[in-house]
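Trainee:
Protein chains: 2
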Amino acid sequence: MKIKRQPTVSDVARLAGVGTTTVSRVINGGERVSPETFAAVTRAIGELDFVPNMAARVLKGEQSKTIGLIVPSIADPFFANCAEVVQTIARSYGCLVAVCVTGNEASLELENIDSLCRRVDGILIAPSNSSSKSLNARLSSLSIPVVYFDQPLSGTHISGVMTNNYESSRAITNHLLQHGYERILCIGGEADFYTMRERIRGYTGAMKAAKKALSVDTAPHIRSKEETAEVLIRHLAGRRPPQAIYCLKNTTTIHTYDILQQLGVRVPQQVALAGHDDFLLASSLRPSVTVVRQPVEEIGRTAARLLFERLSRLPEKVAAKPGVGTKTVHLESHLVIRASCGCREAEPAESIPSFRLRNVGPPSTRSRRGTGAAVRGSATTDKGKAH
Amino acid sequence: MKIKRQPTVSDVARLAGVGTTTVSRVINGGERVSPETFAAVTRAIGELDFVPNMAARVLKGEQSKTIGLIVPSIADPFFANCAEVVQTIARSYGCLVAVCVTGNEASLELENIDSLCRRVDGILIAPSNSSSKSLNARLSSLSIPVVYFDQPLSGTHISGVMTNNYESSRAITNHLLQHGYERILCIGGEADFYTMRERIRGYTGAMKAAKKALSVDTAPHIRSKEETAEVLIRHLAGRRPPQAIYCLKNTTTIHTYDILQQLGVRVPQQVALAGHDDFLLASSLRPSVTVVRQPVEEIGRTAARLLFERLSRLPEKVAAKPGVGTKTVHLESHLVIRASCGCREAEPAESIPSFRLRNVGPPSTRSRRGTGAAVRGSATTDKGKAH
DNA sequence: CTGTTAGCGCATTCAT
DNA sequence: ATGAATGCGCTAACAG
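In order, the protein sequences belong to chains A and B.
The opening residue of the first sequence carries number 1 in the numbering used here; numbering runs sequentially from there.
The opening residue of the second sequence carries number 388 in the numbering used here; numbering runs sequentially from there.
1) Specify the secondary structure class of residue 675 of chain B as computed by DSSP and reduced to three states.
2) What does the alpha-carbon distance come out to for the pair residue 538 of chain B and residue 716 of chain B?
3) Are any of the Cβ atoms in chain B nearer than 8 Å to that of residue 217 of chain A?
4) What three-state label does DSSP hand residue 402 of chain B in the structure shown?
5) For residue 342 of chain A and residue 170 of chain A, what's the separation of their Cα atoms in angstroms?
6) Identify whether residue 500 of chain B lies in helix, strand or coil by the three-state DSSP scheme.
7) Show which residues of chain A have a CB atom less than 7 Å away from the CB atom of residue 471 of chain B.
8) My assumption, with CB atoms under 8 Å, is that residue 122 of chain A sits in contact with residue 67 of chain A. Please give the rounded CB distance.
9) How would you label residue 752 of chain B, buried or exposed, when you count the other beta carbons within 10 angstroms and need 16 or more for buried?
10) Which bits of chain A does residue 549 of chain B rub up against, with CB to CB less than 7 Å?
11) Candidates B:417, B:524, B:595 and B:473: which alpha carbon is nearest residue 561 of chain B's?
12) Just tell me which of A:297, A:231, A:46 and A:261 has its CA closest to the CA of residue 82 of chain A.
13) Is there a Cβ from chain B that is less than 8 Å from the Cβ of residue 56 of chain A?
14) Counting only runs that start and end within the region 492-576 of chain B, where is the beta strand (DSSP E) found for 3 or more residues in a row?
15) Select from the region 89-118 of chain A all residues with a C-beta closer than 9 Å to any C-beta belonging to chain B, and list them in chain order.
16) Does chain B have any CB closer than 8 Å to the CB of residue 28 of chain A?
17) So, is residue 681 of chain B buried or exposed, given that buried needs 16 or more other C-beta atoms within 10 angstroms?
18) Consult DSSP for residue 662 of chain B and reduce its assignment to one of helix, strand or coil.
19) Within 8 Å (strictly less), CB to CB, does residue 467 of chain B reach chain A?
20) Under the rule that 16 or more other beta-carbon atoms within 10 Å means buried, what is residue 700 of chain B, buried or exposed?
21) Is the beta carbon of residue 251 of chain A less than 8 Å from the beta carbon of residue 273 of chain A?
22) Roughly how many whole angstroms lie between the Cα atoms of residue 167 of chain A and residue 480 of chain B?
23) Hey, out of A:78, A:102, A:88 and A:86, whose CA is closest to residue 475 of chain B's CA?
24) Just to confirm, is the Cβ distance from residue 446 of chain B to residue 13 of chain A under 8 Å?
25) Note down, one range per segment and in chain order, each alpha helix (DSSP H) of at least 4 residues found wholly within the region 188-229 of chain A.
26) Is DSSP giving residue 267 of chain A helix, strand or coil here?
27) I'd like to check one pair, residue 575 of chain B with residue 609 of chain B: are the Cβ atoms closer than 8 Å?
28) What whole-angstrom Cβ distance do residue 275 of chain A and residue 265 of chain A have, given they're in contact under 8 Å?
29) With residue 486 of chain B and residue 9 of chain A assumed to form a contact (beta carbons below 8 Å), what rounded beta-carbon distance in angstroms separates them?
30) For residue 420 of chain B, does the three-state DSSP call read helix, strand or coil?
31) According to DSSP, is residue 716 of chain B helix, strand or coil?
32) What residues are listed by DSSP as bridge partners for residue 632 of chain B?
33) Using a cut-off of 8 Å between C-beta atoms, extract the partners of residue 644 of chain B located in chain A.
34) Could you tell me the distance, in whole angstroms, from the CA atom of residue 177 of chain A to the CA atom of residue 210 of chain A?
35) Using DSSP with H/G/I as helix, E/B as strand and the rest coil, what is residue 397 of chain A?
36) Residue 446 of chain B CB to nearest chain A CB: under 8 Å?
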């Protein structure tokens, strides 16, 4: 089998009996080309299965038609969903998405930026450490547009999208307070993350306003389930155990839920539970888990839009001019009130006809009345993805 | 602020007082360069913050240092985890990963291949339709190596990695049979996927061997929770309702679990449940869910290894020679026996010290004895990712 | 409307 | 051990 070299513009030009410029023009929309020539060239392109060489285009100063996406982890559902949306939007612009994961390591972050900056048209980043000086410096000096999301980038004139962690954290804490809980434990989360600090601030704000004693435990870094268990047990076994637990993030909530199960602690009767960040199955657990939900898809979409907006209105290479058209979009998270906070189990998302198994005893009857409480959120969709 | 053009080899050469060739040599390892010159050039590179232009390299026929990853969905935990591993390995080779999602649409798949083939060194793909002629044709004609995973590519001489869906499906069906269930319902899954067909075949094989009546229901496509509910209710309300349910995939299992909860059907007392593909929280639910678990990380790792193996031993452009060094790696899934199948709740993964809440009644005592049954699997790690 | 020409930044002969 | 020259495929002047 002979190695078939990829056809080039010259090949097409020769076959079509025209010059390379004409071919180039056809490729790029066919301005100033006669219909006949256009047709001829198009035919030649089809015959040769010609695909323009991106590398050459990039070399000519064109766009690479690729954007970079830097995230701590692509396995994290939050970022995975963001990535999916970003990818979809990017494709609508004919762009590829190069995904880089950093594992929250600053060095990897910088390394990724370096390897991306010369090969992509723009960068979307969820910074691990938003206050890192070197990160900000590196990003600011880039000649391509950068958009951050999830965690802010301080001190630079870069666009981004954020959710209001402070507000939503305050709201969920208030919700717990309204249930009458006085001792609310706040756990989990790397406290050196901006978002985490904001959430803690929200919790603190609500507690102070209600004149309740604070009880934050983020020491040192609650990462593993074991660490979470240790912290939980320490508090639960104390003289004045918490009446409610507010978990600062996803995994902590899940771990906490699991541990409480194993400990035989009834939720919410003995201890109420609420968490930041929704998760798949949060609505399927019994009790279902009350959470703050971030508008994941919207975050990804907005960030991508912000980037392509800047990308498209670059007259030439005026792109990098900092501070021009820069903005931060704030998106709203909202409460998804379910059962773990003490509210009654909400009405099932879809109504299932009443039903009775034939050959077994009558199933336990479930209350189907909706809660009259201040339910500001709706039930999760828990949209599953096919595999 | 002046637009600082990115420095080039010539800039470095001038500053270092050498020729561009020397700079190039230094960049590529520094063969045949005197130590002094090497040092000088290195210093110049550092001063200018020089980063070689990938596009130019690619244009010169070098590798693009980018690989393509084509998956149905990156939001799907299975593919997200694969992607994470792939990305990590790719970086160890200095490669970027361009992720493309197809949403299981054949046209998008082809489109993605076209847009990738000229810009990447190799492609990793989880085909949506493994028997598509046009897909196979397009992939075969590519001049870059291709590795498939999850779903096989038939008729081409392309490497790939698969798990044995047939065997694992048979094993889990047998496990249910050993519990004494005779009427086992098999639901969910797009039956036109190779993996799904294999799983159904495994179920069928086990049932036939046990001389039990088949009960497969995949019609038409069980996608939404509503459809799943409809199918479930139809069977449960029948004269001879199933004693166990085997779900062919992730989302179906989750939906089924949820629906059974809502129906008030007790699992496993009234109906046992088992599913293909593990999921986060499967071990945290009560009852925990028995599943077949695929070695996700290993799949991703193996696929990536396969690709880079071919990539590295390309003397020049002999890469595409089909059938050379081609192989399919088979990985084993295994059963993770939990409670929903009827086995007793397994011992908690980590032992938590016995514990008693101070100001409330004694928690229900949980049996902590392990099951003596044929537990071939271990408890999930449910490794959470930071966010 | 169309063709000719000159680089984009780099690796690479082939000289020295 | 080093450098000058060449071309990868494409697009953007600049003629015609």
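The beta-carbon is built from N, C-alpha and C at its ideal position, and this holds for glycine as well.
Mentor: Taking the definition as stated:
1) When secondary structure is reduced to three states using DSSP, residue 675 of chain B falls in the coil class, being assigned neither helix nor strand.
2) Distance between residue 538 of chain B and residue 716 of chain B, taken at the CA atoms: about 12 Å.
3) It does not; no Cβ of chain B falls within 8 Å.
4) Helix, per DSSP.
5) Roughly 18 Å between the two C-alpha positions.
6) Residue 500 of chain B carries a helical assignment under DSSP once its states are collapsed to helix, strand and coil.
7) Taking the beta carbon of residue 471 of chain B as reference, the chain A residues within 7 Å of it are 73, 74, 75 and 101, listed in sequence order.
8) About 5 Å; that satisfies the 8 Å criterion.
9) Note that residue 752 of chain B has pLDDT 34, beneath the 50 cutoff, so the model's placement of it is unreliable and the number below is only indicative. That one is exposed.
10) By Cβ distance, chain A contributes nothing, its closest Cβ being about 15 Å from residue 549 of chain B, past 7 Å.
11) Restricting attention to B:417, B:524, B:595 and B:473, the CA atom closest to the CA of residue 561 of chain B is found in B:595.
12) Minimum Cα distance to residue 82 of chain A is reached at A:297.
13) At least one chain B Cβ lies under 8 Å of residue 56 of chain A.
14) The region 492-576 of chain B contains these whole beta strand (DSSP E) runs: 509-512, 533-536, 546-550 and 571-574.
15) Within the region 89-118 of chain A, the residues whose Cβ lies closer than 9 Å to some Cβ of chain B are 91, 94, 96, 97, 98, 99, 100, 101, 103, 104, 108, 111, 112, 114, 115, 116, 117 and 118, listed in chain order.
16) So no, residue 28 of chain A is outside the interface.
17) Counting Cβ neighbours within 10 Å, residue 681 of chain B comes out buried, since at least 16 surround it.
18) Residue 662 of chain B: strand per DSSP, three-state reduction.
19) It does; some Cβ of chain A falls within 8 Å.
20) Its Cβ having fewer than 16 others within 10 Å, residue 700 of chain B is exposed.
21) Not closer than 8 Å, so no.
22) Straight-line Cα distance between these residues: approximately 43 Å.
23) Minimum Cα distance to residue 475 of chain B is reached at A:102.
24) The beta carbons of residue 446 of chain B and residue 13 of chain A sit no closer together than 8 Å.
25) With a minimum length of 4 residues, the continuous alpha helix (DSSP H) runs that stay inside the region 188-229 of chain A are 194-209.
26) Here residue 267 of chain A sits in coil by DSSP.
27) Taking a C-beta distance under 8 Å as the contact criterion, residue 609 of chain B and residue 575 of chain B qualify as a contact pair.
28) The pair is not a contact, with the Cβ atoms about 16 Å apart (cut-off 8 Å).
29) Contact annotation, residue 486 of chain B with residue 9 of chain A: C-beta distance approximately 29 Å; criterion of less than 8 Å not satisfied.
30) Residue state for residue 420 of chain B is assigned as coil, using DSSP reduced to three classes.
31) Residue state, collapsed to three classes: strand.
32) Its beta-bridge partners are B:572 and B:660.
33) Simply 284.
34) Computed Cα separation, rounded: 8 Å.
35) Any question about residue 397 of chain A goes unanswered here, given that chain A covers just 1 to 387.
36) Taking a beta-carbon distance threshold of 8 Å, residue 446 of chain B counts as an interface residue toward chain A.
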